[in-house]
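The numbers in our numbering rise by one with no breaks, and the one at position 133 of the sequence shown is 213.
Think of the CB as a built atom: it goes at the ideal place given N, C-alpha and C, for glycine as much as any other residue.
Please read the structure below before turning to the comments.
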Amino acid sequence: MGVVGIGQCRHGVGVSAIGIVGRSGRWRHAVILNLSAADWFGFFTQFAMLSLLSVGGAITTAPDMHRYLVTEQHWLTESQFTSCISLAQAAPGPNVLFVALMGWNVGLNAGGGLHAGWTGLAMALFGVLVPMLGIMIPSTTLTFLAARWGHQNRELRIVRAFKQGMAPIVIALLIATGWLLISANNNATKDWPLWLLGLVCMLLVWKTKIHLLWLLGAGALLGAFGLI
């Protein structure tokens, strides 16, 4: 395990990467960002646009969030991004919580991390607010208006055709999100236990009526004991 520091500038955003690389060679700690007001506004508008595409829930837009936050802007590390989704799916409540966690991590990175004290905490909370407002306001407004209109006109052929046509699109978006999470662990030599566990869970969900909380608990225990 070693300490690494990197200084760079991407897309006009100052980025300092200070963290720890573990035995696996993967980045453990976060980048430290210097975000301007324009960056925060871009963060908001990006999630507002994704909000209008989140058919089937915000989780279906995770691949594009990854492209924006990790690949293009470098505001989150790969491990931060996947951890946000994993924690949100394991926690009770709506799965849109992963957006709040992404905002929290971006804000925390911009505020200098937890060691920055109240400044880091304030920036993290602000980071939660920005994407959550972006992802919630447009979709909530559109859902309210569309649901009311769709209910009033539910017998129209175009409404029934729309509902049937959206089903395969939602399924494809969910598969894309799953593939994105899998691709973060693509080393066959080290990550085969994760793939095996994922396959077993898929078969159990498909063939049995086992409650998902049992699977989440089993995965947590296996991870805690270092078996995966």
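With burial defined as no fewer than 16 other Cβ atoms inside 10 Å of the residue's Cβ, what is the status of residue i: buried or exposed?
i, result
"residue 162", "buried"
"residue 126", "buried"
"residue 191", "buried"
"residue 274", "buried"
"residue 238", "exposed"
"residue 189", "buried"
"residue 193", "buried"
"residue 21", "Nothing can be reported for residue 21, as the shown portion of the chain is limited to 81 through 308."
"residue 259", "exposed"
"residue 124", "buried"
"residue 146", "buried"
Once the 5 residues before and after residue i are set aside, which same chain residues still bring their CB inside 7 Å of it?
i, result
"residue 140", "134, 250, 253, 254 and 257"
"residue 184", "204, 207 and 208"
"residue 136", "250, 253 and 254"
Could you give the distance in angstroms between the alpha-carbon of residue i and the alpha-carbon of residue j?
i, j, result
"residue 202", "residue 196", "10 Å"
"residue 269", "residue 119", "39 Å"
"residue 233", "residue 213", "30 Å"
"residue 295", "residue 117", "42 Å"
"residue 272", "residue 307", "11 Å"
Within its chain, find whatever has a CB closer than 8 Å to the CB of residue i; leave out the 5 residues flanking it on each side and keep chain order.
i, result
"residue 217", "128 and 131"
Leaving out the 5 sequence neighbours to the left and right, which residues in its chain are closer than 6 Å to residue i when beta-carbon positions are compared?
i, result
"residue 279", "none"
"residue 149", "155 and 156"
Please confirm whether any heavy atom of the ligand ATP lies closer than 7 Å to the CB of residue i.
i, result
"residue 242", "This structure simply doesn't include the ligand ATP, nor any ligand for that matter."
For this session: Can you check the stretch 113 to 148 for any alpha helix (DSSP H) of at least 4 residues that lies completely inside it and give the ranges in chain order?
Result: 117 to 131 and 142 to 146
Problem set entry | Segments assigned beta strand (DSSP E), at least 3 residues, entirely inside the stretch 156 to 182 | none
For this session: Starting from the N-terminal side, write out each stretch of the alpha helix (DSSP H) that is 4 residues or longer and does not extend beyond the stretch 192 to 249.
Result: 198 to 232
For this session: Quick one: which unbroken alpha helix (DSSP H) runs of 4-plus residues sit fully inside the stretch 275 to 305? Chain order, please.
Result: 292 to 304
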